[in-house]
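One structure is given below, encoded as structure tokens.
Numbering (full-length UniProt numbering), first residue to last: 1 to 262.
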């Protein structure tokens, strides 16, 4: 469990004591793969300290954990059952297959998310929530603030080359960590007066890299993930590494194309 230094807890209480009921505190949960379990540690601290969270935004694994919190799922359940048990179930499910746009169609992920989140819609959640995704064609940031919660989480966690892109209208959406790893601005747009950002990435994105096109960022994310994403089985890691040595002719949304465009 993560505990903030005593000085931070004291400063927060002194600054908010007089207007704590009126202050809207927002939580921006960042991308970071298996390190997403750290988000539950932060949530546990907030619950223990009695710090109310008014709005939640999330990117990639942060969108998943944030959705569970916004829908009212106990933090302990997310940590104990979902991020541990179902992660292994999920990745075992797609290893034998090799679909066109990714190693997994996302159907198993949809089942897991539906088991946990039900048929909740974002606009009906007790806590305002938004998930961030990336438009695979333009590289634009897409903020999902309405519609089925499961679909929003699927889009924000659609790791390119591993999960199929998620269609929303005329757009194909992939992992939000490509364009907005820690969605602070989105959290403010939801109405937060004070934003607590949780960055669990292994290292920050260099400023000079942020303007690069979406294909460069996809390649960077995958190469970085092969080193840091410990939840990806070794056999899958070897497969993804081998794909970088091939240059296919098939256009989007083929798996090879997603992995090799630059």
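Virtual Cβ for every residue (Gly too), placed ideally from N, Cα, C.
Test item: CB-CB of residue i and residue j under 8 Å
i	j	result
residue 175	residue 201	no
residue 39	residue 72	no
residue 55	residue 128	yes
residue 26	residue 188	yes
residue 58	residue 131	yes
residue 37	residue 198	no
residue 113	residue 150	yes
residue 148	residue 168	no
residue 45	residue 65	no
residue 177	residue 60	yes
Proximal residues to residue i (C-beta, below 8 Å), its chain only, five neighbours per side dropped
i	result
residue 109	90, 154, 157 and 163
residue 191	24, 26, 54, 55 and 128
residue 186	28, 57, 130, 132, 143 and 180
Range covered by the alpha helix (DSSP H) that runs through residue i
i	result
residue 117	107 to 117
residue 201	Unbroken run through residue 201: none, as it is neither H nor E.
Start and end residues, beta strand (DSSP E) containing residue i
i	result
residue 190	Here residue 190 belongs to no beta strand (DSSP E), and DSSP marks it neither H nor E.
residue 71	It is not in any beta strand (DSSP E) - residue 71 instead sits in the alpha helix (DSSP H) that spans 61 to 71.
residue 37	Looking at the DSSP string, residue 37 is not in any beta strand (DSSP E); the run it does join, the alpha helix (DSSP H), is 37 to 49.
Residues near residue i by beta carbon distance below 7 Å, same chain, minus five either side
i	result
residue 52	25
residue 145	122 and 130
**Asked** Is it a yes or a no for the segment 115 to 122 touching the segment 158 to 174, going by three-plus beta-carbon pairs under 8 Å?
**Response** Here the segment 115 to 122 does not lie against the segment 158 to 174, with fewer than 3 beta-carbon pairs under 8 Å apart.
**Residue ranges of each beta strand (DSSP E) within the segment 123 to 170, 3 or longer** = Those beta strand (DSSP E) runs which fall completely within the segment 123 to 170 and span 3+ residues are 129 to 135, 141 to 144, 161 to 163 and 166 to 168.
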